[in-house]
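**Student:** Numbered according to this note's numbering, the sequence shown spans residues 4 to 134. Even for Gly, the Cβ is constructed at its ideal location relative to N, Cα and C. Fair warning: this is a prediction, and the values are worked out from it, not measured in the lab.
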Amino acid sequence: MEHIKQDKLMQYIDKELSDNESREVKDHLEECEQCRDLHARLANFSESVTQTGRFVFNRKALTKEEEDKYSQTLSRKIAADKGKTIAAILLIIALLLAIIGCCGYQIFYTFAIIIAFIGVILYFWQNKKAK
Numbered sequence: 004m005e006h007i008k009q010d011k012l013m014q015y016i017d018k019e020l021s022d023n024e025s026r027e028v029k030d031h032l033e034e035c036e037q038c039r040d041l042h043a044r045l046a047n048f049s050e051s052v053t054q055t056g057r058f059v060f061n062r063k064a065l066t067k068e069e070e071d072k073y074s075q076t077l078s079r080k081i082a083a084d085k086g087k088t089i090a091a092i093l094l095i096i097a098l099l100l101a102i103i104g105c106c107g108y109q110i111f112y113t114f115a116i117i118i119a120f121i122g123v124i125l126y127f128w129q130n131k132k133a134k
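(1) Quick one, which of Leu99, Lys80, His6 and Lys87 has its alpha-carbon nearest Glu19's?
(2) Under a Cβ-count criterion, where at least 16 other Cβ atoms within 10 Å of its own Cβ denotes burial, should Phe120 be classed as buried or exposed?
(3) Given Tyr126, which residues of its chain have a CB within under 7 Å of its CB, disregarding the five upstream and five downstream residues?
(4) With 16 as the cutoff for other CB atoms within 10 Å, does Ile117 come out buried or exposed?
(5) For my contact list, Leu100 and Gly122 are in at a C-beta cut-off of 8 Å; report their separation, rounded to the angstrom.
(6) At which residues does the alpha helix (DSSP H) containing Gly25 begin and terminate?
(7) Note down, in chain order, each residue of its chain lying with its Cβ closer than 7 Å to the Cβ of Gln37, except the 5 sequence neighbours on either side.
(8) Could you give the DSSP three-state label for Asp71: helix, strand or coil?
(9) For Ile92 and Gln75, what's the separation of their Cα atoms in angstroms?
(10) Here's the rule: buried if 16 or more other CB atoms are within 10 angstroms of the residue's CB, otherwise exposed. What is Trp128?
(11) Can you find a CB in chain C that lies within less than 8 Å of the CB of Gly86?
(12) Hey, is Ala115 close to the ligand SAH, as in C-beta under 7 Å from one of its heavy atoms?
(13) Quick one: what does DSSP say Ile7 is sitting in, helix, strand or coil?
(14) Do Leu41 and Gln9 have their beta-carbon atoms positioned less than 8 Å apart in this structure?
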């Protein structure tokens, strides 16, 4: 029997899997004690991070390797969310400048195009980086 990878278990805990994938993981957890144990430790850790809002590691809950991997995943997600927020703000500013540019102020329209371009690049770069 092939065990579920830790990344996939973390996605299952965070409810990031499709319905089919979630069903597969759930079915596997019912049959595999080793994966159930890892799932319980990861879920316990995830809950403690959610409640405290900090990376507080319980040495009994996760091994050092699991800690590091989970920390990296969480840090990557947080960074990606910040980048997406900045990209969204840039696109809103670009939209406002474009509207002002349409009212006869051509320089604002030019700035809108530049800012929109930067926002779109930042958004796609953060999406690629998050994966």
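**Tutor:** Judging by the given coordinates:
(1) Lys80
(2) exposed
(3) Lys87 and Ala90
(4) exposed
(5) Not quite, the Cβ-Cβ distance comes to about 11 Å (not below 8 Å), so this is no contact.
(6) Here residue 25 is Ser; the residue named in the question, Gly, does not match the sequence. Segment Asp22 to Glu34, the alpha helix (DSSP H) holding Ser25.
(7) His6
(8) helix
(9) 26 Å
(10) exposed
(11) Among the chains in the structure shown there is no chain C, since it carries only a single protein chain.
(12) No copy of the ligand SAH occurs in the structure displayed, which carries no ligand at all.
(13) coil
(14) yes
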